[in-house]
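Numbering (full-length UniProt numbering), first residue to last: 1 to 1086.
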């Protein structure tokens, strides 16, 4: 553990980056703290230090780092806490000003981690919202809608959206079925601003309620800014929970616990953790998340009341020790789980105590409190989270209110140590106000031997100030505290007076945060400023380097290497862009670019609790202050429900440093497999020159192109017929002359030529009549032979009965030889339901056949392509891969190759006729962006009102783009330079989903206020004759991370590129280590 004393800024960063328990306490008064503090600092004002620290940092041996605002208060606080029993205390040198001067982020406001978390929830989960105008129309039309207010009951009573029902955030799921009887009811969650509305709405969505749920955009502030009035008073409140409602809530919570892997503990474990011996080693917070009224009726010893919604809204008001353990308690197994799933996303080590009360569970009814205050001032008071105070200390003798009157009349100075707001509202006549952190004027009176009479509401803060005053008071100077404080003074009927706000200057009132302080009093500018602050917190948090979300547990390269070969399911995703992936990656890594992550991940890894490892470059952990791509990707995966996400520590940089194999190119496992087939089976081949000589000499040769028709059309060897590899088993016999000819299979390079030829041999064709064209079209071109372009020759769509029968016999023999198993529909359904395996179901027929009808839940991939580029379709190693057809001929061939590729592949019995139905996964849906047409964009662009960002491929941008547009891609959007005078961004995209992902990144930035998309994309712009430009060299090659430059022009006349590509393919086997080689099953070739 680092030595504690004076702590430098760099040492503080090490503490923040580590996993040891410690508390970072900002001892500034609330006004100072609110104007600028560190993200993860908790505010414990020096004026109330000893009263607030014990509940926040209960373990006296916990390291505490104290930070002030450059005024030396932290050193004084250290001495006070040392006297209070805390043993490990350090002071951050230079305080917040030094942190700021070092270029680090400083945050305004209070409850900042929780406020930023609300923005993260909306950004990550794409939480839907409704604006005030839309909601008002629905309410006016008496539509089927319910408005739920997730704030405290006191806040609700002070003011709320008309018709809203008070239901604090922690109660939403628990009380839902008793609040909302119809699944058709629109549920609107509305708070004061943004955080609790967003979190409340997403809580219900995550729990799986059947209703459409939305947050009211900007809450009460948005409602008032739209010109609508708020309602006051407690008119509608959540009901008691029915037995059915409680059971349904518990069921929903169980699913949330499973989805987000919420840890649960038994009572024995809890009692052990709460024991004095355990608490001395590690801090455990025990929070009862039920309503305060329920807590008052009965709770477990050692627990504290922290209603679930408020615990999320202001976590730093309850939890002061970073990296501590948090246990949540309820009586229903629903409220604690829902709260825990958010605390886990916030980064806390959180647990739920199961069956906390056993059969003696107290009533879940929460009695209504009457007499709530209403109005603007009441709203301010109600919004404050009241902290728990510990027992105070005695800093001076106490005197009665009557004695205090006598002393004041004799010349003693009356000093109030209440908050400045409370002082202005009520104080003894003639009393001055002071704050413990600002005692210079009061100490001057002491030094002049003037007696002091100290007040505070209950005498506690006055006693703390007395401790400091005692240090300068001489033996003859009287400093006394009024016993019972101002309350006792009132009870004696003694006079009280108020003072106008002008009695104290803003500079003096260090305990008041004036920033946006009158937003609840109707100041529209303050409301807008506050909402703008909330919306831009996430960008500032990113710049700070902190991230929310379940994230990825870090693993090192050797561990990943072991996992890849341990036989269990694993999805290894490279979340860099396609060009970066192609330059070098582990053999079994699957490309999942961050720019398309949500779009593609669920088809590549359909089971949400599969083991996932993601990685990025690693050598650039942050790009200009933005979190690493892997960190962002891990959060996105967690938001989608993936529960076992791991991040490769150090990324590709660490993988290389560990001496592990790095493979360039794409579809590498399939490319390796092609080379292994040639070696294992000794697949016959013929060179381009030999084939030309055979044809010249009149030998009967039938040339087959094993690629799909679009690739054949682009270029092919003259005279070849397109018969994709997946169709060979079914189609070749019907080709004219096939039974007498020598069959030569070609592709563009090597893999599909080899696989196609060996497929025919494995099906029983004589080995001396089937060959692969060595090096395919590239070999043909390198031998100076002309290629054909635009050819349409292909197999016949009809299959003769004799050919079908022969194909079925040959495929059955092949399946037996290679151990291909058939599986019936019931078994597949059982696998899917059990959830222990990732299940992929592929229809390997042609696109036309698939379009004519297939099985629900199946995806279409032509069989040859599934073998040629398996990692484009199957993202999980050792998953269950099931293929089918309608002829019992094609699927067994594909399954035989997949098994040799190392996949657990099966053929579905009866294929299309099996009646199998699998559920279609809930695919991620893009949030629709507002559109802007080309003419409007042209006008706004001309007036310099909008910044155009093109998120198409970099090569498309180079060819042509909107004049003046900027090219970027999702990983770079958090930091890409935008014009400082244009806060409105218009995206140019080919894919609405890609645009939506890009927009979310941009809207998290402080300098972006709106994002729209060009309707119809660049094609519409160009067709309208609007200004376009090309930039062959921009973006630079280095910036084009989405494009793989590795021998990209090998098919476009670059002979050197063609040679290097072929050398790469033939050299792949030599790169394999023993474990990688063992993943392929080539026993059939031997």
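The beta carbon of each residue, even a glycine, is placed where N, CA and C say it ideally should be.
field: Straight-line gap, residue 34 to residue 388 (C-alpha atoms, nearest Å)
entry: 20 angstroms
- prompt: For the alpha helix (DSSP H) that contains residue 295, what are its first and last residues?
  reply: 292-297
- prompt: Does the beta-carbon distance from residue 322 to residue 350 come in below 9 angstroms?
  reply: no
field: Through-space distance from residue 1010 to residue 543, alpha-carbon basis
entry: 20 angstroms
- prompt: If you draw a straight line from the alpha carbon of residue 417 to that of residue 437, how long is it in whole angstroms?
  reply: Computed Cα separation, rounded: 11 angstroms.
field: Spatial distance of residue 739 from residue 770 (CA atoms)
entry: 11 angstroms
Three-state class that DSSP yields for residue 21 in the structure shown: Three-state result, residue 21: coil.
- prompt: In or out: residue 798 buried (at least 16 other Cβ within 10 Å) or exposed?
  reply: exposed
Under the three-state DSSP convention, the category residue 285 falls into: strand
field: residue 821 - DSSP class collapsed to helix/strand/coil
entry: strand
message: My output table needs one value for residue 520: the three-state DSSP class, helix, strand or coil.
response: Residue 520 carries a helical assignment under DSSP once its states are collapsed to helix, strand and coil.
- request: Check whether the Cβ atoms of residue 1113 and residue 918 sit closer than 9 angstroms, and answer yes or no.
  value: Given a span of 1 to 1086 for the chain in the structure shown, any question on residue 1113 remains unanswerable.
Same chain only: Cβ atoms within 8 angstroms of residue 487, ignoring 5 sequence neighbours per side: 457, 458
task: Measure the Cβ-Cβ separation of residue 750 and residue 678 and say whether it is below 9 angstroms.
output: yes
message: Does residue 789 pass the burial test, meaning 16 or more other C-beta atoms within 10 Å, or should it be called exposed?
response: exposed
- prompt: Which stretch, first to last residue, makes up the alpha helix (DSSP H) that contains residue 969?
  reply: Neither: residue 969 is in no alpha helix (DSSP H) and is coded neither H nor E.
message: Taking the beta carbon of residue 1077 as the centre, do at least 16 other beta carbons fall within 10 Å, making it buried, or is it exposed?
response: Per the 10 Å Cβ criterion, exposed.
message: Taking DSSP's pairing of strands, which residues face residue 877 in a bridge?
response: 570
query: Using CA coordinates, which residue listed in 344, 283, 403, 262 is at the minimum distance from residue 354?
result: It is 262.
message: For residue 435, list the residues DSSP reports as bridge partners.
response: 438
message: Among 421, 490, 748, whose alpha-carbon lies nearest the alpha-carbon of residue 868?
response: 748
Assigned secondary structure, residue 166 (DSSP; H/G/I helix, E/B strand, else coil): strand
- request: Within its chain, find whatever has a CB closer than 8 angstroms to the CB of residue 407; leave out the 5 residues flanking it on each side and keep chain order.
  value: Answer for residue 407: 399, 451, 453, 478, 480, listed in chain order.
message: Check whether the region 133-140 and the region 292-305 touch, using three or more Cβ-Cβ pairs below 8 angstroms as the test.
response: no
- prompt: What residue from 161, 401, 1056 has the CA that sits closest to residue 231's CA?
  reply: 161
Unbroken alpha helix (DSSP H) run spanning residue 467, endpoints: 460-470
query: Quick one: what does DSSP say residue 86 is sitting in, helix, strand or coil?
result: coil
- request: Within its chain, find whatever has a CB closer than 7 angstroms to the CB of residue 116; leave out the 5 residues flanking it on each side and keep chain order.
  value: Hits under 7 angstroms: 537, 538, 541.
field: Check whether residue 179 and residue 191 have beta carbons under 9 angstroms apart
entry: no
task: Pull up the distance between the alpha-carbon of residue 82 and that of residue 76, whole angstroms please.
output: 10 angstroms
Alpha helix (DSSP H) segments (min. 4 residues) lying fully within the region 32-94: 49-56, 73-83
message: Please return the same chain residues whose Cβ sits closer than 6 angstroms to the Cβ of residue 125, not counting the five positions on each side in sequence.
response: 202, 639
- request: With distances taken Cα to Cα, identify the nearest neighbour of residue 752 among 252, 776, 730.
  value: 776
message: Can you look up residue 624 in the DSSP assignment and give me helix, strand or coil?
response: With a pLDDT of 46 at residue 624, under the threshold of 50, the predicted position of this residue should be treated as unreliable, though the coordinate-derived value follows. Reduced to three states, the DSSP call for residue 624 is coil.
message: Mapping the DSSP letters down to three states, classify residue 976 as helix, strand or coil.
response: coil
Host beta strand (DSSP E) of residue 351 (start-end): 349-353
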